[in-house]
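Counting from 1, position 412 in the sequence shown corresponds to residue 393 in our numbering; the numbering is continuous, with no gaps.
Even for Gly, the Cβ is constructed at its ideal location relative to N, Cα and C.
Here is the structure we will look at.
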Amino acid sequence: MGTHLFSTTSIAAAMLLAAGSASAAESSASDVPTAKPGGDGISDIIVTARRKEERMQTVPVAVSAVTQEQIASRGNFEVSDLKYTVPGLNADAGFGGSRNSVNFSLRGQSQAGGTLFPAVVTYFAEVPVLKLNRGQFFDLESIQVLRGPQGTLFGRVTDGGNVMVAPQRPVDRFEGYVEAKAGNYDLRGAAGALNIPIVPGKLIVRGAFEINRRDGYTRNLGSGRKLDDVHYDSARISVLFKPTEDFENTLIYNYNSVNENGTSNKLINFNPLGLLSVLNGPAFAAQMQAEVAAGQAMGPRAVNIGSSMWGDNYGLYVKSKDHYVVNKTIWRLSDDIEIKNVLAYIYFRNHWGSDFDGSSVVAVDTPNQFYPDPAFYQEQWSEDLQIQGTAFDKKLNYTIGTYWDWQKVPGKAENFSVSQLGIPLQRIIISYPKTRSRAAYGQIGYDLSGVLPGLKLDAGLRYTKDTVKASFANYLGFADLDPNAMPHGQCVTNLADYPAMIAVASVPCTKAGQSSNAVTGTFGLSYQIDPRKLVYAKVSRGYRPGGINTVATGGVVPTYRPEYDLSFEVGAKLDYNIGSMRARTNIAAYTDRFTNIQANVNQIGPGGVAAVIITNAAAARIKGIELEQTLVPFEGMTLGATWAYTDARYQNRLSPSELETACPSNPLTNPVAGIGFCPLSPLPSTPKHMVNLSAQYTLPLPAEYGELTIGGNWYYRSSLAAYYAMDDSFSPSLSLLNLDITWKHVLGSPVDATLFATNVTNKTYLLQPSSLISASSYGITTATYGEPRMWGLKLRYGFGTK
C-alpha cells in the first residue's frame, strides 16, 4: 500500500494516542459538563449506515450526518450546500446545463456524463434514485453521506459512496408547523407540515409541503429574462399503519415540480483552430472571439445567449415533474428477527433547454422545448427485502437480503440541438435504455469480546448481476425545422425516409446490450477502546456496472465495461475531554485501487460530428484523509472543522507514441491529437484540499427569552479539473463565507426566526467549466458563475404536543 498509506495510518494512530492522553486526564463520566439543548454541540447522532439504527460514534464506517437543524439554518437550502458539512464531498450545480442538476464527487469518484450508474448513488427513503432535485429537502429527519465503496447492504453497489435523504416519519402525536421566508432577489417561500394520529398508535398521517421562488440573478440581454432563478413546488404525504406492536407499514408519496427560466452559460474562451472554426471559416471565428470580448465587457451577471428563433425564452428553460412512491414494511417476528421490505416506484420527466456554446450565435444550442418530447424520461421499480436478526446471546448480528430494480424510458424522449458545423444542422439523440439489477447479499457482525473486550468483526458479501439493453439513434440533418423532416422521438432504421438527414453522418436505430456481474463485499475489525472511543480497519470492494454509449456516433463500439475498486481504510471515532472542554475527532485514511475507470472522452465521428462518450479509460490510485473535528470550549460555544485531502491520479500504461496522440504537448494547436483519453489528465471534480470551519455560539439568555444562536462557516477548496476537459483546464481555488442567526422560541413564543446570508463577501467565482477548447474539439470553453450574496429571513410557527 506504499508509504502514503503508512503515513495516513500514522496520522490516525497519532490522533488516537492524543485522545488517549487526553482521556487519562478526563474526569469521570458523571463529571462531564452538559450544556443546555442547542449548546452542547456534541451529541449522539443516530444513523442507518448499516441499514439499522445505530449511534454514529459506534459504527465502523466513514459517515457524516446533516441534521434538520443544520438544513434549516441555511434558510434556502440547496443540494449543493452539502459540501459545507461533509468532508470531501464536492457537489457541482450546473452539471448538464442546469443548476437543478447536481453531480456529487467523493474520494475522487464522480459521474461520467451520460451514464445511468453514478459513482455516488443518491437515496430517498432508502430507495436509490438517479438524482436529487431542488425541492427534495423539506421536513427531513436527516441527510447521511457514506464515504467509500458501498458494496454490500444497499440497493445499488457503488464505489464512491451514498447520499441518503431520510424524510420525517409520522409520529404518534398531533404537531405541525408553518414557515415563510423572504430575501433579496425577491426570495419568497412557504413550507409546512401537519402530523395527525387518526387512530393514536395505529394510524398516523403526516403531510408536508414546500413552495420556493426566487428571481434570477443573471440577465439574458437577448430575451430580457432573468436566468438562474428558483421556482419549485413540492409536497409529501406519509401514512403509518401499525395494527400491532410488531408490524408497521409506511406509505410515502413525494411530488416535485420545477419550472425555471434556465441556467446562464457564458462563453469564456474560444480557439480559432477548433472544430467550429475549421468548419465555419474565419468570419465565424472572428464573430465568436467578439462574443468572448462582449461577454467579458458585460460582466458576470449578464449574458446574451440563445436565439429568438426558439421563442420568447430563447430556448432556455428547466421543467421537471418527479413522483416517488415508497412502501416500507417492518415485521418483527421476535426479539431476535425482523423482516423489512422496501418497494418503490420512481418517475422522472425532465425537460430543459440550454445554450451549450454560451453565445448569441447558434453554434451549439439545445432548445429541447421546440418539440414536445422530454430530454430525460425514466421510470423505475425497485424491491429490497431484508431479514435482520441476532443469535448466540446477541453476539452475532446478521442481515441477509435480495434486491431488484428495473428502469426504462416510458415514452418518447429525445435530446435536440442545432449546430453550426459548416452549415446549420440539427441533431437529434434518441436513447431508450432498459436496465435490470438483481442482487443477493449478506452481512454479519460478531462480538469477539471473548478474545479482547471491545473487539468486533464485520464481514459482508454480495453478488450483483446487471443488464443494460438500449435502442438508440443519432440523427444529423439540415436545419429544416419542419417537425416531419426528422424522426423526432423515433428510433428508425431507414434513413432514406427522411431526406433532410445526412446519411453519412447519422447513426440509424441501433440495438446493443451489455451484462456484467460482480462479487463485492467488506471485511473489517473494530475495537471499542471504551464507550467513547472506537478504532477500525476494513477492506471493501466496490463496482459500477458497464453500460451503453447511446450518444455514440458511427464507427464506435457502443458498450463499456464495469469499473471496480478495492479500498483499504483505517479510522477512529473519538469523544474525549481536554480539561473542561469536550471534543470529538472522527478521522479516516484510505487508499483505493480502481480498474477500468469509466471516463468521458472526446470522439469525432463521420461528418465531423463531435461527441463525448464513456470509455474504460485507465486504472487509478486514490489516497486520502478525511477529518471531522468538534470542540466545545465552554458552554454554548461549538467550534467545528472538516478537512479532506485527496491524492488522485490515473496510472499511465500508454506507449510513448500513444501518449503523444492522447496527450499532445499543445492540445490547442493539434487538430488530430487529443482524441481519446489522456492518463496524464487529473481526475475531474477532485480538489486536493477541502476545508470547512464553523462556529456557533448560543447566548446565555434567560429561558423565557428563547434561545439565540449566532453561527457561520468558512468553506475552502483548492483548484479542480474541469469536466469534459480536452486540455488542463481548471477551476481556480475558492473560499466562501456564510452566516446565520437563529432565535428559537422568540420571547417565549412558538415562533422561530432565522436570518441567513450566503457568500457574504459577494465573491464572483466560476463553477466548474466545460472545457472543449482543444483543436480536436469544438474549440470552446463555457462556464456558469456561482451565486452572488444571498440573504433572507425565515419565520417558523410550531404547534401541537411535544
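Across the set A53, R32, V28, I52, the C-alpha of V28 shows the shortest separation from the C-alpha of S45.
Boundaries of the alpha helix (DSSP H) around T642: 637 to 643. For the set D428, D120, A553, L438, the Cα lying nearest the Cα of I52 is the one of D120. Scanning its chain for C-beta atoms nearer than 8 Å, with the 5 sequence neighbours on each side dropped, one finds around M279 the residues L202, N285, in chain order. Partner residues in the beta bridge of A518, as assigned by DSSP, are L506, V551. For L256, the enclosing alpha helix (DSSP H) stretches over residues 256 to 261. The three-state reading of DSSP puts S219 in strand, counting E and B together. S301 carries a strand assignment under DSSP once its states are collapsed to helix, strand and coil.
Burial is judged here by how many other beta carbons sit within 10 angstroms of a residue's own beta carbon; D336 has at least 16 and is buried. 8 Å or more divides the Cβ of V345 from the Cβ of M269. Within the region 65 to 125, the complete beta strand (DSSP E) segments at least 3 residues long are 71 to 74, 83 to 86, 101 to 105, 108 to 110, listed from N- to C-terminus. According to the DSSP secondary-structure assignment, L175 is paired through a beta bridge with G157, G188.
For L680, the number of other beta carbons within 10 angstroms of its own is below 16, and it is reported as exposed. Sixteen is the threshold: since fewer than 16 other Cβ atoms of the shown chains lie within 10 Å of the Cβ of E641, the residue is exposed. For the 8 Å CB-CB criterion, R330 and P353 do not form a contact. When secondary structure is reduced to three states using DSSP, S341 falls in the coil class, being assigned neither helix nor strand. Taken through DSSP and simplified to helix, strand or coil, D511 comes out as strand. The closest CA to that of P489, considering only D478, I404, Y456, is found on Y456. Taking the Cβ atoms as the reference, D227 lies roughly 17 Å from I185, outside the contact range of under 8 Å. If you look at S452, you'll find it in the beta strand (DSSP E) that goes 436 to 459. Secondary structure at N349: helix, using DSSP grouped into helix, strand and coil.
Note on D374: under 16 other CB atoms within 10 angstroms of its CB, so exposed under the neighbour-count rule.
Counting along the chain, S288 sits inside no alpha helix (DSSP H), nor does DSSP assign it H or E at all. Close CB contacts of N193 within its chain, under the 6 Å cut and outside five residues either way in sequence, are with G170, V211, Y213 (chain order). Take the alpha-carbon of A325 and the one of G188: they are about 19 Å apart.
Residue state for V488 is assigned as strand, using DSSP reduced to three classes. Taking the Cα positions, V432 is about 11 Å away from L438. Of the residues assessed, T225 falls on the exposed side of the cut-off, its CB having fewer than 16 other CB atoms within 10 angstroms.
Short of 7 Å from the beta carbon of F711, and not among the five residues preceding or following it, lie these beta carbons of its own chain, in chain order: S700, L701, A702, A703. The count of Cβ pairs closer than 8 Å, one atom from the region 369 to 389 and one from the region 418 to 431, reaches three, so the stretches are in contact. Taking C-beta separations shorter than 7 Å and ignoring five residues to either side along the sequence, the partners of G129 in its chain run A43, R88, G142, S521, S548, E550, Y571, following chain order. Bounds of any beta strand (DSSP E) do not take in E50; it lies within the alpha helix (DSSP H) bounded by 49 to 54. Cβ-Cβ separation between S714 and Y696: approximately 11 Å, too far for a contact (criterion under 8 Å). DSSP places S662 outside any beta strand (DSSP E), giving it a letter other than H or E. CA-CA distance, Q509 to E35, rounds to 14 Å.
Exclusion of the five residues before and after G435 leaves Y508, Q509, I510 as the residues of its chain whose Cβ lies within less than 7 Å of its Cβ.
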